[in-house]
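**Student:** Here's a structure for you.
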Ligand SMILES: Cc1ncc(COP(=O)(O)O)c(C=O)c1O
C-alpha cells in the first residue's frame, strides 16, 4: 500500500466546511455595534467580572477538573442533581463530545433544515452522516423528524428555540418527538436561548431529561449571562450518559476563570432579569419597526431576529449587509444556514437597535 508523503486526516475531515463565526469588524473610524453573535448588550454580571478578576493571582494552579462548585450552583438554581450535570468549554464542546461518544462511522445524526451549524460539523467530525429534515414555516417539524429516523440514526439534535430562525417547539411537541423516537436514539435539546423565552407552552427540557433515559439538554453561559469569551456551557442528562461523556472529555475542560465567573453569574438573578426585560422590550420594538418598513421578520422568542429581504431587486440581504456594515452595524449573514435572503440581527442596546432600524429605513428608501 502506498504511503502518503505527509499525515492525512481521516476520510471526510477535509470535506467539512469550517464554522464561520459572526463578523466583528467595521470600517476604520466608525463605531462598531456587533449584532452578529447573539451576545447580550448588557454584558456580564459585575459580580461575575469581579470573580473572574479574583482569579488572576492563581493562574499557575490547575482548576477543579470536576467544576464542582459550578455544578452545585447550577443544581441549586434549577433544583437538579449536580452529579448529572457536565460542564464544558461552551456548549459547542458538549455537542462535540456527544457525537464523539454516541455516533460512529456511517451512523446518522438528524437535525433540521435551518438548525444550528455545529450539529453538522460535530456529526461529520465523528464520521457520521448528517440527515437534514425540512422545516415548516422556519420551524422544526416533529413528524418530518420522526419520518427521517432509520435503523442507523443515533442522535437527533433540536435547538429549541432555534438559531438563526428564533422559532420554537412547544413542550408538548418536544414530548411527542421523544415519545416517537426509538429508545436507543439520543435526543439532544439545545436550549442555548431558553432564558429568553416568554411563552407558557415552552420548557427547556429539564423535566423530560429527568424522566427519560435518552434525552440530554445543553445550556450556555455565552448568551444571557454574557460570558461568551470564557467559553462555558453545561449539560443535564441521565447518569449513564453523563458517565460516558465524563470518560472522553479533557480532564480540565473548564478553566478556573469560567468556573468562578459562571458560579457568580448564576447567583445574580437580578442581572438575568434585567437582560430578559431589555430583550422583551427591544425584541418587540425592533420586530414591529422593521415590519413597518415592509420587511418580513420571523417571529422570534430568542434575543435575535431573522429579517427577510427581497430576492431579486437592489434591496437584497447582501446589499443590506454591506450598507449596514459601512455604518458599523454588523449583522449575521445566514447563507450557510440555507437562508441567503436573510440577515440575523441580535437585539442590541437601545442605541444599536434604533440605528439599525434607521439605517434599514434609509437603505430601503434607496438613499444608499
Ligand atoms: C443554538 C445554539 N447552540 C449552541 C451554541 C453554542 O454556544 P456556546 O458554545 O458559546 O456555549 C450557540 C451559539 O451560537 C447556539 O446558537
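In UniProt numbering, the protein residues as written are 1 to 368. C-beta: ideal position from N, C-alpha, C; glycine also. If you're wondering where the values come from, they're calculated on a predicted model, not measured in any experiment.
1) Taking C-beta to C-beta, are residue 38 and residue 279 nearer than 8 Å?
2) Once you ignore the five residues that flank residue 255 on each side, which residues in its own chain have a CB closer than 6 Å to its CB?
3) Am I right that residue 126 and residue 100 are in contact with their C-beta atoms under 8 Å? What's the rounded C-beta distance?
4) Could you name each continuous beta strand (DSSP E) segment of 3 residues or more that falls completely within the region 60 to 134, going from the start of the chain to the end?
5) Got a sec, what are the start and stop residues for the alpha helix (DSSP H) residue 171 sits in?
6) My output table needs one value for residue 236: the three-state DSSP class, helix, strand or coil.
7) Does DSSP put residue 26 in a helix, in a strand, or in coil?
8) With 16 other CB atoms within 10 Å as the buried threshold, where does residue 321 fall?
9) Just how far apart, CA to CA, sit residue 3 and residue 9?
10) Quick one, are the C-beta atoms of residue 132 and residue 111 less than 8 Å apart?
11) Pull up the DSSP beta-bridge partners for residue 188, would you.
12) Counting Cβ pairs, one atom from each stretch, are 3 or more of them under 8 Å apart for the region 324 to 344 and the region 259 to 276?
13) Which class does residue 363 belong to by DSSP, given the choice of helix, strand or coil?
14) Can you give me the Cβ contacts of residue 88 inside the same chain, cut-off strictly under 8 Å, excluding the 5 residues immediately before and after it?
15) Would you say residue 129 and residue 113 are within 8 Å of each other, going by their C-beta atoms?
16) As a quick exercise: from 264, 287, 313 and 294, pick the residue whose alpha carbon is nearest that of residue 301.
17) Restricting to Cα atoms, I'd like to know which of 144, 313 and 11 is closest to residue 366.
18) Check whether the Cβ atoms of residue 12 and residue 158 lie closer than 8 Å to each other.
**Tutor:** Put simply:
1) no
2) 63
3) 5 Å
4) 85 to 88, 108 to 112 and 129 to 133
5) 171 to 180
6) strand
7) coil
8) buried
9) 13 Å
10) yes
11) 157 and 216
12) no
13) helix
14) 94, 97, 232, 233, 234, 235, 249, 253 and 254
15) no
16) 287
17) 313
18) no
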